[in-house]
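Enquirer: For the first sequence, the working numbering assigns the number 3 to the initial residue and increments by one for each residue that follows.
Glycine included, every Cβ here is placed at the ideal spot set by N, Cα and C.
For clarity, every value in this text was computed on a predicted model and none was experimentally measured.
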Amino acid sequence: MISKTYSPQEIEDKWYQYWIENRYFNSQPNPDKVPYTIVIPPPNVTGVLHMGHMLNNTIQDILVRKARMEGKEACWVAGTDHASIATEAKVVAMLKERGINKRDLSRDEFLGYCWEWTHKYGGIILQQLRKLGASCDWDRTRFTMEPNLYDSVIDVFIDLYEKGDIYRGHRMVNWDPQARTTVSDEEVMMKEVQQKLVYLRYDLESGDGSVTIATTRPETIMADVAICVNPNDVRYQHLIGQKAIIPLINRAIPIIADEYVEMEFGTGCLKVTPAHDTNDYELGKKHNLPIIDLLAEDGTLNEKAQILVGEDRFVARKKITKLLEAAGNLVKIEEYKSNVGHSERTNAVIEPRLSEQWFLKMKRLSKPALENVMDDTIQLIPPKFKNTYRHWMENVRDWNISRQLWWGHRIPAYYLNDGTIIVAKSKREALRKAQHEYQLFALTEEDIRQDEDVLDTWFSSWLWPISVFNGIKEPNNADVNYYYPTNDLVTAPEILFFWVARMIIAGYEYRGAYPFKNVYLTGIVRDKLGRKMSKSLGNSPDPIDLIEKYGADGIRTGMLFSSPAGNDLPYDEKLVEQGRNFCNKIWNAFRLTQGWEVSSDLPAINQLAIDWFEAKFNQTLTEVLDLFTKFRISDALNAVYKLIWDDFCAQYLEMIKPEYQQPIDAATYAATLDFFDKLMRLAHPFMPFITEEIWQNIAERAEKETICLAPFPQPGATNLELLADFEVLFEVVSAIRNLRNSKGISPKTELPLAIRTDSEARYLRLDSLVRKLANLSDITYVKEQVEGMSFLVRSDEFFINLAGDIDVEAERETLLAELKYTEGFLDSVVKKLSNERFVQNAKGDIVEKERQKQADAEAKIVTIKEALVRLG
RNA sequence: GGGCUCUUAGCUCAGCUGGUUCAGAGCACCUGCCUUACAAGCAGGGGGUCGGGGGUUCGAAUCCCUCAGGGCCCACCA
3 MISKTYSPQE IEDKWYQYWI ENRYFNSQPN PDKVPYTIVI PPPNVTGVLH
53 MGHMLNNTIQ DILVRKARME GKEACWVAGT DHASIATEAK VVAMLKERGI
103 NKRDLSRDEF LGYCWEWTHK YGGIILQQLR KLGASCDWDR TRFTMEPNLY
153 DSVIDVFIDL YEKGDIYRGH RMVNWDPQAR TTVSDEEVMM KEVQQKLVYL
203 RYDLESGDGS VTIATTRPET IMADVAICVN PNDVRYQHLI GQKAIIPLIN
253 RAIPIIADEY VEMEFGTGCL KVTPAHDTND YELGKKHNLP IIDLLAEDGT
303 LNEKAQILVG EDRFVARKKI TKLLEAAGNL VKIEEYKSNV GHSERTNAVI
353 EPRLSEQWFL KMKRLSKPAL ENVMDDTIQL IPPKFKNTYR HWMENVRDWN
403 ISRQLWWGHR IPAYYLNDGT IIVAKSKREA LRKAQHEYQL FALTEEDIRQ
453 DEDVLDTWFS SWLWPISVFN GIKEPNNADV NYYYPTNDLV TAPEILFFWV
503 ARMIIAGYEY RGAYPFKNVY LTGIVRDKLG RKMSKSLGNS PDPIDLIEKY
553 GADGIRTGML FSSPAGNDLP YDEKLVEQGR NFCNKIWNAF RLTQGWEVSS
603 DLPAINQLAI DWFEAKFNQT LTEVLDLFTK FRISDALNAV YKLIWDDFCA
653 QYLEMIKPEY QQPIDAATYA ATLDFFDKLM RLAHPFMPFI TEEIWQNIAE
703 RAEKETICLA PFPQPGATNL ELLADFEVLF EVVSAIRNLR NSKGISPKTE
753 LPLAIRTDSE ARYLRLDSLV RKLANLSDIT YVKEQVEGMS FLVRSDEFFI
803 NLAGDIDVEA ERETLLAELK YTEGFLDSVV KKLSNERFVQ NAKGDIVEKE
853 RQKQADAEAK IVTIKEALVR LG
């Protein structure tokens with residue numbers, strides 16, 4: 003027999019396999035259909051599925067599945083990102099465990115390990131997505147380092163270089179001493195750090211006096227090239243032009259003046275260290291100061307430091323403070339909080355460092371990307387992100403795209419021995435170019451050397467929506483022409499600038515069109531303490547464990563129950579439990595229908611209930627469709643949840659359910675299964691597995707039929723009047739149950755009901771339903787008040803006569819409370835209506851509504867008063 | 001430091017362009033039920049002066065100002 007609880011495991015595997023075998027998720031350009039495309043935000047190739055992916059990909063799957071059911075040519079492209087720095091770090095760590103040092107390997111050897119690693123772990127996350135039910139076209143799976151995509155990146159680099167947008171520059175960059183590479187501005191996170199502000203005395207060369215500066219970086223004093231004061235600072239006028247001696251190494255440096263210096267900060271004297279501070283660098287340029295770089299690429303002091311050579315910068319900081327103290331140059335130390343840049347990848351403190359790097363000019367490129375978001379050609383959801391987006395785009399700076407790494411797209415720049423740069427696809431082509439452009443025919447491949455660096459990961463991901471369709475290399479191929487621009491992008495706000503903005507830029511540059519119409523920004527999944535879920539904190543449950551425990555449908559719905567766009571999702575296993583319970587509820591409703599014996603001899607007695615649910619379904623469906631257009635996926639799910647649980651299960655099924663072991667009439671049965679069919683189709687995008695299982699079982703299905711391709715329901719007319727009548731019905735039933743509860747009367751005990759109403763017809767129509775839902779023995783209509791417990795619904799009065807069981811006091815209290823509330827309410831309405839300005843100013847039918855309220859309240863008060871009189 | 005945003009029941013959130021039968025939902029909680037679809041369930045219930053203050057208005061959770069406290073983004077005071 004069918005299991006009492008829904009058990010997802012075998013069902014999910016069975017259907018996923020069925021879907022894949024029948025290629026329902028595969029897509030080809032089809033001129034007869036409207037394309038609907040989503041490209042997945044490619045997870046890191048060696049990554050493992052985490053809760054953020056779960057949320058993100060569930061939303062994408064919902065959108066894709068709905069589009070597919072709506073008859074669109076739905077195409078969800080999956081893939082992975084080589085994640086240059088992240089993967090390289092992992093491989094380096096892996097090698098270290100094996101006792102291998104990256105520096106002992108050749109580039110090719112190292113890349114060999116990277117590929118080995120990629121092949122070993124590369125498929126995992128995509129396999130995990132299948133568990134979730136993701137309906138990707140897996141045949142289209144792409145990887146940012148596969149040949150076509152690799153070449154696309156190289157082509158784009160060359161193109162932008164030739165357009166003059168890419169240049170090589172000696173600049174201050176963000177240096178990550180741990181990864182020993184530069185990182186872009188966006189990869190630097192500022193964190194507030196408790197530091198020590200050290201006050202140091204520099205003696206004047208003249209021997210006559212001294213100057214005291216404040217610094218957080220005493221270990222860099224050996225790289226000082228000046229001391230700077232504000233020219234308006236009266237305290238220091240006499241110093242300008244003099245020289246000061248750097249302590250410990252006794253080198254003389256000039257004292258200069260610049261308005262950049264804040265007089266209020268520290269002592270108002272600044273040590274200028276151009277190699278190790280961005281501002282100082284600018285200052286140095288302005289005043290023609292030399293540059294002394296005393297840090298090696300791993301963050302240790304080099305021989306330029308003269309002392310403490312080889313020490314790590316932080317160790318050196320402590321040691322030099324001691325040395326300075328011993329030398330008598332330490333004036334004082336203050337605790338000081340300031341923001342320090344950290345590497346997003348390694349969390350190492352970023353070192354401003356001068357070096358030769360490749361840059362992409364952003365100003366021209368970002369213009370259309372800014373405009374088209376601001377005018378909603380591309381829509382950000384929620385729109386509040388427009389502001390931050392604009393701010394970033396308006397202040398965008400050139401993008402440092404070179405990385406001192408090996409795993410990635412190697413920069414296609416070649417150098418001749420004299421330093422001449424040639425950008426070309428290959429060494430051979432570089433040679434040819436050199437020979438022709440510079441008439442250097444004697445040149446051989448031996449004479450040219452390729453740039454050792456690779457490109458920033460995002461320099462490949464920004465092409466993703468184009469390159470997955472090979473639109474860079476073959477701009478007019480059928481795929482890219484059909485699928486591009488894509489429709490929706492679902493991603494985390496954290497990478498709005500890293501990725502989204504740059505894809506938009508690339509889209510306009512290389513396709514002349516936006517890459518996607520809508521950007522749905524999900525929130526961050528957090529734990530109960532509000533911390534972001536992360537591997538390092540160990541506060542994230544393993545999604546695969548959760549799927550095994552609760553089923554994929556349970557997680558999908560659980561995560562979405564409370565997840566409006568842009569809002570963080572405070573994860574609680576309770577949510578997933580609720581999702582699982584929802585599946586179980588559906589399962590048991592299904593089980594109910596399976597147990598019925600169907601009789602075609604019985605009269606069709608449930609037409610009213612059927613009409614009502616039809617109306618309710620249409621009403622909710624209309625609402626759901628509207629919510630989808632606004633990307634309010636969470637609200638849409640909640641509407642479906644209520645429709646199924648409250649309206650279908652709690653109300654409709656209870657109304658039409660035959661007595662135990664009694665048959666059901668054929669008409670009701672057919673209607674009910676039809677509802678089930680529609681409900682499953684409506685719910686399918688949210689919960690693909692259980693809906694397929696049930697949908698396949700409630701009717702004979704043809705070979706290879708699937709709910710995945712069944713039409714999404716379309717709303718019919720909603721009978722509002724009927725819905726309103728049923729609202730009254732539910733209130734009456736609810737009131738009777740309430741009475742039972744408070745009087746301790748079993749739901750099994752049949753009760754007689756008397757109704758005193760002006761609209762008898764309405765109740766007559768609902769008669770049998772009230773009787774069934776409230777378990778009544780009899781319903782009578784009365785003109786006067788009668789004996790019994792009474793209650794009010796709207797302006798109608800109800801009596802249940804159970805001899806000797808009336809608690810007069812309690813009933814009076816209830817009535818008095820209701821009277822008080824209604825009178826208060828009436829008062830406010832009357833007050834409002836007697837206010838001339840209200841009657842004059844209120845627009846539309848608001849005044850009319852108020853008058854109706856007044857009439858209703860007055861009628862109700864009369865009824866209550868009568869009831870009170872009756873009670874004596 | 002600049003910009004954006006948020007503060008509604010114990011928790012997570014809805015409440016659009018202002019109109020008291022809108023103060024809501026889910027979860028949690030309390031009470032009663034193992035009522036043959038479902039205890040992963042059923043029936044019922046309590047709970048918030050909508051962060052504080054001021055203003056606009058006939059009328060404000062909904063608009064404006066201000067204060068307090070969160071969050072996010074951007075930012076080179078050593």
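1) Compute the Euclidean distance between the alpha carbons of N478 and Y486, then round it to the nearest angstrom.
2) What is the DSSP secondary structure of D106, reduced to helix, strand or coil?
3) With C-beta atoms as the reference, is F518 less than 7 Å away from L491?
4) Taking the Cβ atom as the reference point for each residue, do V36 and K74 lie within a distance shorter than 7 Å?
5) Could you check whether D235 and M265 sit closer than 7 Å to each other, using their CB atoms as the reference points?
6) Within this structure, are the beta carbons of A307 and I293 separated by less than 7 Å?
7) For D205, which of T218, E188, I255 has the nearest alpha-carbon?
8) Please state the DSSP three-state secondary structure of Y391.
9) In this structure, what does DSSP give as the bridge partners for Y522?
10) If you draw a straight line from the alpha carbon of T89 to that of D458, how long is it in whole angstroms?
11) In terms of residues, what are the limits of the beta strand (DSSP E) holding N341?
12) Can you have a look at N397 and say buried or exposed, based on whether 16 or more other CB atoms are within 10 angstroms of its CB?
13) Under a Cβ-count criterion, where at least 16 other Cβ atoms within 10 Å of its own Cβ denotes burial, should N28 be classed as buried or exposed?
14) For T146, count neighbouring Cβ atoms within 10 angstroms of its own Cβ and tell me buried if that reaches 16, exposed if not.
15) Using 10 angstroms around the beta-carbon of P10, count the other beta-carbons present and answer buried if the total reaches 16, otherwise exposed.
16) Could you tell me the alpha carbon to alpha carbon distance between A606 and T488, rounded to whole angstroms?
17) Can you name, in chain order, every residue of its own chain whose Cβ lies under 8 Å from the Cβ of T624, other than the five neighbours on each side?
18) Using a 10 Å radius around the Cβ and a threshold of 16 neighbouring Cβ atoms, would you call A432 buried or exposed?
19) So what's E733 in DSSP terms, helix, strand or just coil?
20) At what residue ranges does the region 172-233 contain a whole run of the beta strand (DSSP E), taking only runs of 3 or more?
21) Check F461 in the structure and name its three-state DSSP category.
22) Please classify T82: does DSSP put it in a helix, a strand, or coil?
23) Just checking my contact of G540 with C585 at CB under 8 Å: how many whole Å lie between their CB atoms?
24) Along the chain, which unbroken stretches of the alpha helix (DSSP H) at least 4 residues long are found entirely within the region 505-580?
25) Taking buried to mean at least 16 other C-beta atoms within 10 Å of its own C-beta, is Y416 buried or exposed?
26) CB-CB under 7 Å to W466, same chain, minus the five flanking residues each way: which ones, in chain order?
27) Out of L131, L711, P179, R739, which one is the CA nearest neighbour of A69?
28) Which residues in the same chain have their Cβ closer than 6 Å to the Cβ of T143, if we skip the five residues on either side of it in sequence?
29) By the DSSP assignment, the alpha helix (DSSP H) with I450 in it spans what residues?
30) Pick out whichever of P495, I612, F630 has its Cα sitting closest to the Cα of Q653.
31) For K68, report the span of its alpha helix (DSSP H) as first-last.
32) Could you give the C-beta distance for I474 and D676, rounded to a whole number, given that I count them as a contact under 8 Å?
33) Round the Cβ separation of M56 and I557 to the nearest angstrom and send it over; I've been treating them as touching at under 8 Å.
34) Assign Y238 to buried or exposed, taking buried as 16 or more other Cβ atoms, counted over all protein chains shown, within 10 Å of its Cβ.
35) Distance check for I13 and W697, CA to CA, integer angstroms please.
36) Sort R100, Y152, A844 by Cα distance to S469 and report the nearest one.
Expert: Concretely, from the data shown:
1) 11 Å
2) helix
3) yes
4) In contact: V36 and K74 (Cβ atoms closer than 7 Å).
5) yes
6) Remark: C-beta atoms of A307 and I293 do not approach each other more closely than 7 Å.
7) I255
8) helix
9) I383, V492
10) 13 Å
11) 332-345
12) Result: exposed.
13) exposed
14) By the neighbour-count rule (16 or more Cβ atoms within 10 Å), T146 is buried.
15) Classification for P10: buried.
16) So the alpha carbons of these two residues sit roughly 49 Å apart.
17) P717, T720
18) buried
19) Three-state DSSP puts E733 in a helix.
20) Entirely contained in the region 172-233, the beta strand (DSSP E) runs reaching 3 residues are, in chain order, 183-185, 190-206, 212-217, 228-231.
21) helix
22) strand
23) Wrong, their Cβ atoms sit about 29 Å apart, outside the cutoff.
24) 545-552, 554-562
25) So Y416 ends up on the buried side.
26) V41, P44, M505
27) L711
28) A80, G81
29) No alpha helix (DSSP H) contains I450, which DSSP labels as neither H nor E.
30) I612
31) 53-71 is the extent of the alpha helix (DSSP H) around K68.
32) In fact, because the Cβ distance is near 49 Å, the residues do not count as touching under 8 Å.
33) M56 to I557, Cβ: 6 Å. Contact.
34) buried
35) 13 Å
36) Y152
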